[in-house]
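Count the sequence shown with UniProt numbering and you get residues 1 to 274, in order. Below is one structure, written out as structure tokens; comments come after it.
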Amino acid sequence: MNVQYQKLATCLESVRKKINFKPETALILGSGLGDYADEIQIEQTIAYTEIEGFPVSTVAGHKGRFVFGYIQGVPVVIMQGRVHYYEGYPMSDVVLPTRLMGMLGAKKLILTNAAGGLNYEFQAGDFMMLTDHIAIGVPSPLIGSNLDELGPRFPDMSQVYSEEFKKVVRDAAQTVGISLKEGVYVQLTGPAYETPAEVRLCRALGGDAVGMSTACEAIAARHMGIEICGISCITNMAAGMSKGTLNHGEVQETADRVSKQFKELITEIVRKSR
């Protein structure tokens, strides 16, 4: 058996020993949304440290656990704290949680993140729905022996973010009164923020927002045939696009400021996507 798949199977068995719950939708929470999982109807939580072979997030403020429960009656699994490539894990470990949630039964995935704005029409506090992504700045999670149990060797990526799911997100945003932006997300490795020259490159490639996660998770999920939507919270304008320097405190402050709206949007997306 493939080593990566064996590790997944071990994690799955470890979780199954603790809970018998089949989620319909999976969520990965970015900066500013971490406490959203505390507000749902919780059935059970499992810390990443309780799962054999599971990678553990080292980012401050990330709780590092799965939350199983219900949002508006929809069974969900929420990843409260994600693993990033810049933490030093191999890409196969970075996407392991995404794959595990799919193996637990999730057919839909909502990806959220905090991102820097590349589009001059954006401002801090805006929400951007991902219409596509650029992930050439990070290794593909599909490199290596294909996990035939999960998906094909050469999966189609012409529609990573489902057109039907996009319609749901637009409708949800209108329902909760959010002016939703749309655009292309660029994933780079981090953890350093991008230089002004790198920002200009990302803009030239067609990017509207840039961050350090999400695209790799989307690739792994699409490989498995999971339906995906992605939402970025634009927490700052990228380097060289505004005065001042970038810092994580600014990112967290903006994410916290708009978290109430973000939570309302996520709840409505889950409700409407069932």
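For every residue, glycine included, the Cβ atom is placed at its ideal position computed from N, Cα and C.
So residue i packs on residue j, CB below 8 angstroms; how close in whole Å?
i, j, result
"Val160", "Ala124", "26 angstroms between Cβ atoms; not a contact."
"Gly211", "Ser179", "Between Ser179 and Gly211 the Cβ distance is about 21 angstroms, and since that is not below 8 angstroms, they are no contact."
"Cys216", "Val94", "6 angstroms"
"Leu12", "Leu100", "6 angstroms"
"Asn113", "Gly30", "4 angstroms"
"Thr214", "Tyr193", "Between Tyr193 and Thr214 the Cβ distance is about 16 angstroms, and since that is not below 8 angstroms, they are no contact."
"Val251", "Asn236", "6 angstroms"
"Gly102", "Met224", "5 angstroms"
"Gly190", "His84", "7 angstroms"
"Lys272", "Ala173", "With a Cβ gap of about 10 angstroms, Lys272 and Ala173 do not count as contacting."
Work out the CA separation of residue j and residue i for me, nearest whole Å.
i, j, result
"Tyr70", "Ile40", "6 angstroms"
"Ile269", "Glu52", "32 angstroms"
"Ile78", "Lys263", "13 angstroms"
"residue 293", "Thr10", "Only positions 1 to 274 of the chain appear in this structure, which leaves residue 293 out of reach."
"Thr245", "Ile136", "26 angstroms"
"Arg203", "Arg16", "44 angstroms"
"Pro196", "Pro23", "42 angstroms"
"Gly81", "Ile28", "7 angstroms"
"Gly88", "Ser140", "15 angstroms"
"Gly249", "Asp126", "17 angstroms"
"Thr254", "Gly64", "22 angstroms"
"Met241", "Ala115", "14 angstroms"
"Gly144", "Asn247", "35 angstroms"
"Tyr48", "Gln261", "28 angstroms"
"Pro55", "Pro90", "10 angstroms"
"Met129", "Asp256", "19 angstroms"
"Arg274", "Phe21", "17 angstroms"
Using the beta-carbon count (16 or more within 10 Å), is residue i buried or exposed?
i, result
"Pro152", "exposed"
"Ile266", "buried"
"Lys181", "buried"
"Gly207", "buried"
"Phe154", "exposed"
"Ile42", "exposed"
"Glu227", "buried"
I'd like to check one pair, residue j with residue i: are the Cβ atoms closer than 7 angstroms?
i, j, result
"Ser92", "Gln187", "no"
"Val74", "Thr131", "no"
"Ile46", "Lys18", "yes"
"Val76", "Ala37", "no"
"Ile234", "Phe165", "no"
"Ala239", "Leu118", "no"
"Ala221", "Leu109", "yes"
"Ile134", "Leu205", "yes"
In chain order, each alpha helix (DSSP H) run of at least 4 residues that lies wholly inside the stretch 129-212: 163-176 and 196-205
Going residue by residue through the stretch 76-136, where are the continuous beta strand (DSSP E) segments of at least 3 residues, counting only ones entirely within it? 108-117 and 127-134
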